[in-house]
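Participant: Numbered by the numbering used here, the letters in the sequence shown go through residues 4 to 122 in order.
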Amino acid sequence: MEGGPNWVNNIVDAPILVDGKKDEFYKQPMFYFIGHFSKFIPPGSVRINSSLFNNLSNYSTNLLNKIDHVAFVTPRGDKIIVLINPNEEIIELNVKDIVEDREMKVELEPNSIMTAIWN
4 MEGGPNWVNN IVDAPILVDG KKDEFYKQPM FYFIGHFSKF IPPGSVRINS
54 SLFNNLSNYS TNLLNKIDHV AFVTPRGDKI IVLINPNEEI IELNVKDIVE
104 DREMKVELEP NSIMTAIWN
């Protein structure tokens, strides 16, 4: 089975694969990845600026450049950051809210996605 359909006839993945002959469906890892965002980021949330800085001497810049992140503020005023670690090792980061002058330490497991929420 393969994902699709698509416009350029290349093989792609899909969040859910359906085997119509067997009357079965399979949730792919992408399904849970998308669901992670849906679970923690409510409708009406607005993306806000976020940056990563390499002020931790125990990680190379290359390793931190692979960390993906996005931040939001919710309609209730909560702040959310989603961090994705595609690396094969644990990464410890400090997340700093410069508006509130608050900081928290987070640990990203290898090949993981995690969300932090604060108000």
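Ideal Cβ positions, reconstructed from N, Cα and C, are used throughout, including at glycine.
With a threshold of 8 Å between beta carbons, is L55 in contact with chain D?
Facilitator: Of the chains in the structure shown, none is chain D; there is only one protein chain.
Participant: State the beta-bridge partners of E27 as determined by DSSP.
Facilitator: DSSP output for E27 lists D22 as bridge partner(s).
Participant: Within a Cβ cutoff of 8 Å, which residues of the same chain sit near K33, ignoring the five residues on either side of it in sequence?
Facilitator: The sequence as given places Met at residue 33; Lys does not occur at that position. Answer for M33: D16, A17, P18, listed in chain order.
Participant: Are the Cβ atoms of E95 and E110 separated by less than 8 Å?
Facilitator: Cβ distance < 8 Å, so E95 and E110 count as in contact.
Participant: Considering Cα atoms alone, identify which of I93, V76, S48 is closest to I70.
Facilitator: For I70, the nearest C-alpha among the options comes from I93.
Participant: With 16 as the cutoff for other CB atoms within 10 Å, does V85 come out buried or exposed?
Facilitator: Flag for V85 reads buried.
Participant: Alpha carbon to alpha carbon, what distance is there between E112 and N97?
Facilitator: Their backbone Cα atoms lie some 14 Å apart in a straight line.
Participant: With I37 as the anchor, note down where its alpha helix (DSSP H) starts and where it stops.
Facilitator: Start and end: 32–43.
Participant: From the DSSP output, in three-state form, read off N68 for me.
Facilitator: N68 falls in the helix class under three-state DSSP.
Participant: Which value, in whole angstroms, describes the spacing of the CA atoms of D104 and D81?
Facilitator: Distance between the alpha carbons of D104 and D81 is about 15 Å.
Participant: Over what stretch of residues does the beta strand (DSSP E) that includes L55 continue unbroken?
Facilitator: L55 -> no beta strand (DSSP E), and no H or E assigned at all.
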